[in-house]
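Presented below is the structure to which this report refers.
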Amino acid sequence: MEAIKANEINEIIRAQIEDFDASMTVDEIGTVIKVGDGIAEIYGLEKVMAGELLEFPHGVRGLALNLEEDKVGTVLFGDFQKIKEGDEAKRTKRIMSVPVGDAMIGRVVDALGNPIDGKGEIVTDTFFPVERIAPGIIDRQPVKEPLQTGLKAIDSMVPIGRGQRELIIGDRQTGKTAVAIDTIINQKGKDVICVYVAIGQKASTVAQVVKKLEVFGAMDYTIVVSATASDPAAMQFLA
122 MEAIKANEIN EIIRAQIEDF DASMTVDEIG TVIKVGDGIA EIYGLEKVMA GELLEFPHGV
182 RGLALNLEED KVGTVLFGDF QKIKEGDEAK RTKRIMSVPV GDAMIGRVVD ALGNPIDGKG
242 EIVTDTFFPV ERIAPGIIDR QPVKEPLQTG LKAIDSMVPI GRGQRELIIG DRQTGKTAVA
302 IDTIINQKGK DVICVYVAIG QKASTVAQVV KKLEVFGAMD YTIVVSATAS DPAAMQFLA
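Under the working numbering, the letters of the sequence shown match residues 122 to 360, in that order.
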């Protein structure tokens, strides 16, 4: 058996030292000390920011809201029943934000911007915080162009302008959703991006709305945000 020379051992050790990767990541992790009804109290996150997004096991996320001296109150998004005492909570060091951009057009997402339509991930590098300060009156563009709803009674008597806020109010089963859907369909070819937000509706109802928009080709310029009745109250609030 041939003996290994001392210089060969030296070269082997030197090569291993050069190839050694000492990179590492440091995470700030706390511990769940109490959880119930979609709210979790966490101990050990002393530097967490108000409104910061936290990560929990099983892909559940949370929003840090109540900052106390020795614990943090967090609202949980997702299946919070999987979270139990003793689980770890990790800081993300970023304020709650959602993805934005052209990649969102034609997709159905939840309140966090995660796709739920089975069409794959949404690839975008742009995120906007959920809680944003509304632009002042000086920064806003004047309302000078009409938004045609396609309903003659509205367009002739109470016309709506682009950029204007308009409340549709009425009793159940009086056609409020139909007015909104017809307005979205009527925007085809008019360089308008529509966002339909369904809060507290049945999942089957949202699916019917999406199907109708697809039939009329309206999903080409529409984003659907869904927080159904089966989603946690926190998700509906966020939507």
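Glycine included, each C-beta is placed from N, C-alpha and C at the ideal position. Predicted, not measured: the structure shown is a model, and the values here were computed from it.
Alpha carbon to alpha carbon, how far is residue j from residue i? Give it in angstroms, no decimals.
i      : j      : result
PRO236 : ARG228 : 7 Å
PHE201 : VAL318 : 23 Å
ARG253 : GLU176 : 22 Å
LYS203 : ASP292 : 37 Å
Suppose the cutoff is 8 Å on Cβ atoms and the five residues either side in sequence are ignored; what does the same chain contact list for residue i look like?
i      : result
GLU287 : ILE281
ALA224 : ILE243, VAL244, THR245
THR168 : The sequence shown places Lys at residue 168, not Thr. The answer, listed in chain order, is GLU149, ARG212.
With DSSP as the reference, label residue i as helix, strand or coil.
i      : result
LEU334 : helix
VAL181 : coil
ILE226 : coil
GLU132 : helix
VAL300 : helix
Let me know if residue i comes out buried or exposed under the rule of 16 or more other beta-carbons within 10 Å of its beta-carbon.
i      : result
SER325 : exposed
LEU268 : buried
THR363 : Any answer about residue 363 is impossible in this case: the structure gives the chain only from 122 up to 360.
LYS205 : exposed
ASP260 : exposed
LEU334 : buried
VAL279 : exposed
Round the Cβ separation of residue i and residue j to the nearest angstrom and send it over; I've been treating them as touching at under 8 Å.
i      : j      : result
VAL153 : ASP238 : That belief does not hold up - the Cβ atoms of VAL153 and ASP238 are roughly 32 Å apart, past 8 Å.
ILE134 : GLU173 : So it is not a contact: roughly 45 Å between Cβ atoms.
ILE166 : ALA355 : Checking the displayed sequence, the identity of residue 166 turns out to be Leu instead of Ile. Not a contact, Cβ separation roughly 19 Å.
VAL114 : GLY284 : Because the chain spans 122 through 360 in this model, residue 114 falls outside it and cannot be assessed.
In chain order, what residues of the same chain lie with their CB nearer than 7 Å to the CB of residue i, ignoring the 5 residues before and after it?
i      : result
GLN308 : CYS315, TYR342
GLN357 : ILE320, GLY321, ALA348
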